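Going by full-length UniProt numbering, the sequence shown opens with residue 1, and the numbers climb by one from there. Below: the structure, in C-alpha cells.
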Amino acid sequence: MRRILSSITDGKGFDLVLVGVTMIFLLALAGLPLVYNVLLSFQEVDMFNLAAFQRPWAGLENYREVISQPEFGLVMKNTGIFVFGSIAGQFVLGFALAIFFMVKFPFASTIRGVFLVSWVMPGLVVGAIWGLILAGDYGVLNAILQSLGIIDGTVFWKSDPRLSIWAVTIANIWLGLAFNMMLLSVGLAAIPRDLYEAAELDGANGLQRFATITVPMMRSTIGAVLALGLIYTLQQFDLFPAITEGGPANSSTVAQYWAWQWSFRIFDFAKGATVSVMMLIFVLVASIVYVWSTRAEVRG
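In C-alpha cells form, the structure reads like this:
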C-alpha cells in the first residue's frame with residue numbers, strides 16, 4: 001500500500017489513476033446504459049414489464065416491425081435531409097466566417113464573440129426563438145423576405161409539409177454555426193503565414209492559395225469538424241418539439257424524434273431502443289472518421 005501511495009504522489013502512477021477514474025465514469029454512465037439499450041431492442045418491453053429483470057426475447061422482430069412501418073422511409077429521408085443539410089450549412093457558413101474573421105479589423109474579436117451566443121443557448125430556447133421567426137402570419141423571416149421582394153405571399157415554414165424539415169434544418173444550422181466557426185478558426189490560425197506569402201510571391205491567387213495550402217493543411221481539422229457535426233446533429237432533439245413537433249403528417253420527423261415518440265408516446269420502449277440502435281451505427285461511423293482524422297495530432 002505504501003508503494004502504491006508513493007507511486008501516486010511522485011507522479012509515476014498518477015496518469016493511470018486519471019485514466020482509471022475516467023474509464024469507470026464512462027463505463028457507469030455511458031457504457032452500461034448503451035448495453036442496456038441494445039438489449040432492450042431485442043426484447044419485448046412495455047409498461048408492465050419495464051422494471052422486470054427478465055423479459056421475453058424478441059430477436060430481430062423489433063427491427064423488422066420498425067422497418068415495415070409505413071413512415072419508416074419518410075423518417076429516414078427526413079433524417080438524411082436534416083443531417084446533411086445541417087452539416088453542409090454549418091460547415092460552409094462556418095468556414096466562410098472563420099476566414100472572414102482572420103482578417104484584422106476593428107472589433108473583430110467582439111463581433112466573433114457575439115456569434116458564440118447561439119452555441120451556449122439551450123436547444124429549447126433556440127427552438128422557441130426560431131418558432132417565432134418562422135411563423136407564417138407574424139414571422140420575422142417572412143417580413144424580411146417580403147420587404148426584399150423575394151416572396152410575394154405568406155410562406156408557412158412550419159406547417160407546409162414540403163418546408164417543415166427545412167425549417168428545423170435552418171434553425172439547427174444557426175445553432176451549430178458558432179461551433180464550426182470556432183474549430184475552423186483554430187485550424188486556420190495554425191497554418192504558418194509564411195506559406196501564403198511564398199505562394200503569393202510565386203503568383204498564386206486567392207483561390208489557388210485556398211486550394212493548395214488551406215484545404216490540405218486543414219484536412220484533419222475538417223475531418224474532425226464534419227465528424228463531430230454528424231454526431232451532434234444526430235443527437236439534436238430539442239428543436240423538433242419546439243418548432244414542428246414532427247409534423248405535419250411526419251413531414252419533419254427524424255430518427256431521434258421518432259425514437260422518443262415510440263418510447264414516450266406509444267410506450268413501446270423496445271421499438272424506441274431499436275431506432276436508437278440504428279442511429280448508433282451512424283454515430284460509430286462518425287466516431288471512426290473523427291479518430292482517423294485526428295490520428296496525426298495524437299501521434300504528434
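Here a beta-carbon is modelled for each residue, glycine too, at the ideal position from N, C-alpha and C. This structure is a prediction, so every number in the text was calculated from the model and none was measured.
Inset, instruction - Compare the beta carbon distance of Trp157 and Gly187 with 8 Å and say whether it is the shorter of the two. - result: no
Inset, instruction - State the Cα-Cα distance for the pair Leu124 and Leu239, rounded to the nearest angstrom. - result: 6 Å
Inset, instruction - Helix, strand or coil for Val130, going by three-state DSSP, please let me know. - result: Per the sequence presented here, residue 130 reads as Trp, with Val not at that position. DSSP places Trp130 in helix when its eight states are reduced to three.
Inset, instruction - Please determine, among Ala273, Thr253 and Val285, the residue with the shortest C-alpha to C-alpha distance to Val75. - result: Thr253
Inset, instruction - Compare the C-alpha of Trp217 against each of Gly73, Tyr196, Gln236 and Tyr232 and name the closest. - result: It is worth fixing the name first, because residue 217 is Met in this sequence and not Trp. Nearest option by C-alpha distance: Tyr196.
Legend entry - Gln235 burial status per 10 Å Cβ neighbour count (16 or more: buried): exposed
Inset, instruction - To the nearest angstrom, report how far apart Arg299 and Gly20 are at their CA atoms. - result: Residue placement at Arg299 cannot be trusted, given a pLDDT of 48 that sits under 50; the coordinates are not used to answer.
Legend entry - Span separating the alpha-carbon of Leu29 from that of Val38: 15 Å
Inset, instruction - Could you check how far apart the C-beta atoms of Val289 and Ala227 are, in whole angstroms? I think they sit under 8 Å. - result: 4 Å
Legend entry - Closest by C-alpha distance to Phe53, when choosing among Thr244, Leu34, Ile165 and Glu44: Glu44
Inset, instruction - Return the residue from the list Ala249, Phe25 and Glu71 that minimises the CA-CA distance to Pro161. - result: Ala249
Legend entry - Simplified DSSP assignment, three categories, for Trp157: coil
Inset, instruction - Would you kindly check if the distance between the Cβ of Ser86 and the Cβ of Gly176 is under 8 Å? - result: yes
Inset, instruction - With DSSP collapsed to three states, give me the class of Asp15. - result: helix
Inset, instruction - Can you tell me which of Val103, Asn172 and Phe107 puts its alpha carbon nearest to the alpha carbon of Ile129? - result: Asn172
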